[in-house]
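Numbering (the working numbering), first residue to last: 1197 to 1913.
See the structure below:
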C-alpha cells in the first residue's frame, strides 16, 4: 500500500491524514433553499443502531500480523496497517473485521495464549489492546507512548505467557521491553538496549515460561530466565529479527536478517549457522518449528525494498532448505491485476513483502503468511500456498459512483474496479496488470454514457510514469480496452510548494452536469520559479486536453474541494486549507474568482446539492442557500475532528450525511445524519468496522448510503 503522508495542519488535533476524497449529486427543482438554512443550530443526538454491510473485495493492501487460535482448527487472526483486525473461522475462506473497541487501525503484532484460548492481545500504533472473547470486543488502556508498534520494526513484538494469560510482554521500536501482569492494564519497563535500536520480537519459551527472549537490532538475542527481572546477551549476530523455541525438543532457532538462520541445541550458549541462504535482498525475519516434528522448520524471508518474499522449509532441522515464493491468487475475491502475465502463464504469482508466518499449534500442516497485497494459506505443511481473500478488505477507496446498475470504485494503488451486482462481486477495470503509466492511485472518477460502453474519466497519480506527474485516464468503452493516458495541459512535474502532502495530487475532478464536454480538475501546489504549480484546470473536449485557468483562486492548497453547481454550471466552488483557506467561487466557468467564505480556514471537502445549496466541510458543516454569499453553521461539533465525508439525499434536501474523522491510524471518528437540515444530528456509525470514512455516496436506486476510504460498506437509509 502507498505510504501515507502528512499534511501541514493548523493544530495538534489534526494530524497525519490518510490520502482520500469525495463529491456528487443530482439536479432537482430548487425549493426550500431559505427554509433549510433558517433552522436552529444543531445538537448531537444519540447513536442509532445501524448495521453496515461489507461490500468490497479482499486484498490489495498491507497485512502485517497473523496468529492462529491456540486450540481451534481454522480460526486465525490477521492485522493490517489501516483497517484493524480480521478473523476467519474457516481457514481463510471467509474473513470479517473485528474492531469493536480497538484503539487504532494499525495492528502490527498479535498474540494468543493456551492459558485462555479466547484471549487475544493486539499491539497497535496507539498501544496494546486485549480481547477476552475471541476478538469480538477489545479493551485498551492509556499507556506510555513507547508501548506501541511500528511498521518494519514490530515483527512479533507482543507475547502472552502460555500459563498466565494476564502476563504479557511488549518489545518497542525504541529498544525497550515492557511487562504487564494484569492483562495489559499497567506496564513496567524491564529491559532497555544499551545501544539505540529496536526490539523486533519478544518470545516466551513454551516449555519454560519463566524464560523470555528479545530479538533486538543492536544486541542480538537477549534472554531472561526470571520473567524479565534480569537479562543477558547471547552470543548471536547483533541484529536479530526473531527467535523461536522448538516445542518438542527445546532447540532454539533465530532469524538474523541478512545473516540467515542460526540454531542452538544448548539453551543459547553456542550457535551454529544453518544452510538457509540469506543476504541483503533476502532477510530472514521469522522462524517457526512444527510442534509435532522437531525436524520441520520454516523461515520467512523478506525484501521489503523490492516488495518480495519467500518461505523456506527444512525437514532436517536446518541442514537443508527449500525455497518457495509462489502462491495461487484468489482472483474471484481479490480481482486486482487479473491479466498479470505470471498469473496467466503459470496460474501462480510471487509473494510480496511477507510479514508474519503463523502455524496452527494443534494442526501444524496449516500455515499462514501475512503479506503485502496477497496473503497466503497452506494446508499441506507449506508445499503449496494460495491466497484466501474473501472479506479481507483493506482497499483505500477514494471515490464511489453509481451508473445504471453498476457501481464504480476508485482506489489508491488498485485503480478502478466495478460491480454489476451492488458490491457482491467486483472486477478490475484498470490496471489489468502492472502498467507504469497507469498503475497507481486513482482519486476520482466520473461516469457517463460512452460511444461503446460507459465513459470513464479518472483523475490519477501513477506510481512510476516518467517523469512523475498526474494524469487523466479516459475510456470510451467501459474499460474494454486500455485507457488513454492524458497529460496535455497538466503539469509535467509534481508541484512541491504549499501542498497537503509531499507533493501535489490530482485529487479533485468535477463534471459539468449540463455539458458533457466540460470537466474541471484540481491539483494542490503553488508556482515555483518557472513552474506554474497546480490549481484549477479545465477541459472543454471531454477530458482529452486541459488548460490551467489563467486566473486562479487565492489559495491552491486543496484537499477534495472542487464542485460545480448543478443549478448553474458556470458556478464553481473551490475549497482550500491553511493560509488563504476557505471557499472561493467563480460565476463564469473559472475565469474569475471571489473569496466567499472565511469562517474556517481548513475546508477539506465541499458539496453542492441538487437544489444548489452549498456545503463547506471543516471542523463543522456550513451551508449557504444563496450560492455562497451568506453562510450558516449547521452543526455544533467540538473541534477535535474534521468533517470529510459529505452527501445529500436527492429529493430530500433536509437529509444530509457527514463523516467526522481523526488523522492517523487511531479509531476515532463517526458518521452522522440529519433529516432537518442540521437542526439535530444523529450518529449512525453503528457497527461499521471503520469509523472514519472519507467518502460518502448515496445510491438513490437502492436507497443505500455507501462509505469508502479503508474498505467499502453500505447501509439502508
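Here a beta-carbon is modelled for each residue, glycine too, at the ideal position from N, C-alpha and C. Note that the coordinates shown come from a computational prediction; the quantities given were computed from them, not determined experimentally.
As assigned by DSSP and simplified to three states, the class of residue i
| i | result |
| --- | --- |
| residue 1490 | coil |
| residue 1438 | strand |
| residue 1502 | helix |
| residue 1842 | strand |
| residue 1373 | strand |
| residue 1575 | coil |
| residue 1396 | strand |
| residue 1228 | Because the pLDDT of residue 1228 is 31, which lies under 50, any placement of that residue in the model is unreliable, and the question is left without a value. |
| residue 1770 | strand |
| residue 1830 | coil |
| residue 1905 | strand |
| residue 1890 | coil |
| residue 1364 | strand |
| residue 1853 | strand |
| residue 1910 | strand |
| residue 1848 | strand |
Contacts around residue i, its chain only, beta-carbon distance under 6 Å, and the 5 residues preceding and following it disregarded
| i | result |
| --- | --- |
| residue 1437 | 1351, 1396, 1411, 1451, 1453, 1481 |
| residue 1911 | 1246, 1248, 1901 |
| residue 1354 | 1305, 1307, 1317, 1319, 1366 |
| residue 1792 | 1779, 1781, 1824 |
| residue 1636 | 1657, 1658, 1659 |
| residue 1492 | 1486, 1511 |
| residue 1264 | 1272, 1554, 1556 |
Endpoints, alpha helix (DSSP H) assigned at residue i
| i | result |
| --- | --- |
| residue 1540 | 1537 to 1542 |
Residue-chain proximity (residue i, chain B), Cβ-Cβ < 7 Å
| i | result |
| --- | --- |
| residue 1670 | The chain labelled as chain B is not found in the depicted structure, where only one protein chain is given. |
Range of the contiguous beta strand (DSSP E) that encloses residue i
| i | result |
| --- | --- |
| residue 1658 | 1650 to 1658 |
| residue 1803 | 1801 to 1804 |
| residue 1459 | 1457 to 1460 |
| residue 1291 | 1291 to 1293 |
| residue 1595 | 1593 to 1599 |
| residue 1264 | 1259 to 1264 |
| residue 1588 | No beta strand (DSSP E) holds residue 1588; DSSP gives it neither H nor E. |
| residue 1309 | Neither: residue 1309 is in no beta strand (DSSP E) and is coded neither H nor E. |
| residue 1811 | 1810 to 1813 |
| residue 1565 | 1563 to 1567 |
| residue 1758 | 1758 to 1760 |
| residue 1533 | Unbroken run through residue 1533: none, as it is neither H nor E. |
| residue 1682 | 1680 to 1682 |
| residue 1450 | 1448 to 1451 |
Residues near residue i in its chain [Cβ-Cβ closer than 7 Å; skip 5 each side]
| i | result |
| --- | --- |
| residue 1529 | 1253, 1254, 1585, 1586 |
| residue 1534 | 1527, 1624, 1628 |
| residue 1358 | 1309, 1310, 1311, 1400, 1402, 1405 |
| residue 1683 | 1665, 1667 |
| residue 1599 | 1643, 1650 |
| residue 1539 | 1525, 1545 |
| residue 1490 | 1442, 1444, 1445, 1447, 1513 |
| residue 1709 | 1223, 1760, 1762, 1765 |
| residue 1981 | Shown here, the chain extends from 1197 to 1913; a query on residue 1981 therefore has no answer. |
Cβ distance (whole Å) where residue i is taken to contact residue j below 8 Å
| i | j | result |
| --- | --- | --- |
| residue 1681 | residue 1654 | No, residue 1681 and residue 1654 are not in contact; Cβ-Cβ is about 10 Å, not under 8 Å. |
| residue 1325 | residue 1298 | 6 Å |
| residue 1766 | residue 1783 | 6 Å |
| residue 1573 | residue 1287 | 6 Å |
| residue 1302 | residue 1271 | Wrong, their Cβ atoms sit about 23 Å apart, outside the cutoff. |
| residue 1773 | residue 1798 | 5 Å |
| residue 1830 | residue 1817 | 5 Å |
Residues that residue i bridges to, as DSSP identifies them
| i | result |
| --- | --- |
| residue 1640 | 1655 |
| residue 1518 | 1509 |
| residue 1862 | 1300 |
| residue 1523 | 1545 |
| residue 1793 | 1779 |
| residue 1319 | 1305, 1324 |
| residue 1495 | 1483, 1508 |
| residue 1279 | Answer is none; residue 1279 lacks a bridge partner. |
| residue 1837 | DSSP, once it has assigned bridges, lists no residue as partnering residue 1837. |
| residue 1744 | 1733 |
| residue 1410 | 1398, 1418 |
| residue 1477 | None, per the DSSP bridge assignment. |
| residue 1385 | 1374 |
| residue 1284 | 1272, 1291 |
| residue 1677 | According to DSSP, which records beta bridges pairwise, residue 1677 is partnered with nothing at all. |
Own chain, CB closer than 8 Å to residue i, minus 5 neighbours either side, in chain order
| i | result |
| --- | --- |
| residue 1652 | 1604, 1612, 1625, 1641, 1642, 1643, 1646, 1669, 1670, 1671, 1674, 1675, 1679 |
| residue 1344 | 1319, 1320, 1321, 1322, 1323, 1368, 1369 |
| residue 1226 | Its pLDDT being 28, under 50, residue 1226 is placed unreliably by the model, and the measurement read from it follows with that caveat. Excluding sequence neighbours, residue 1226 sits near 1763, 1807, 1808. |
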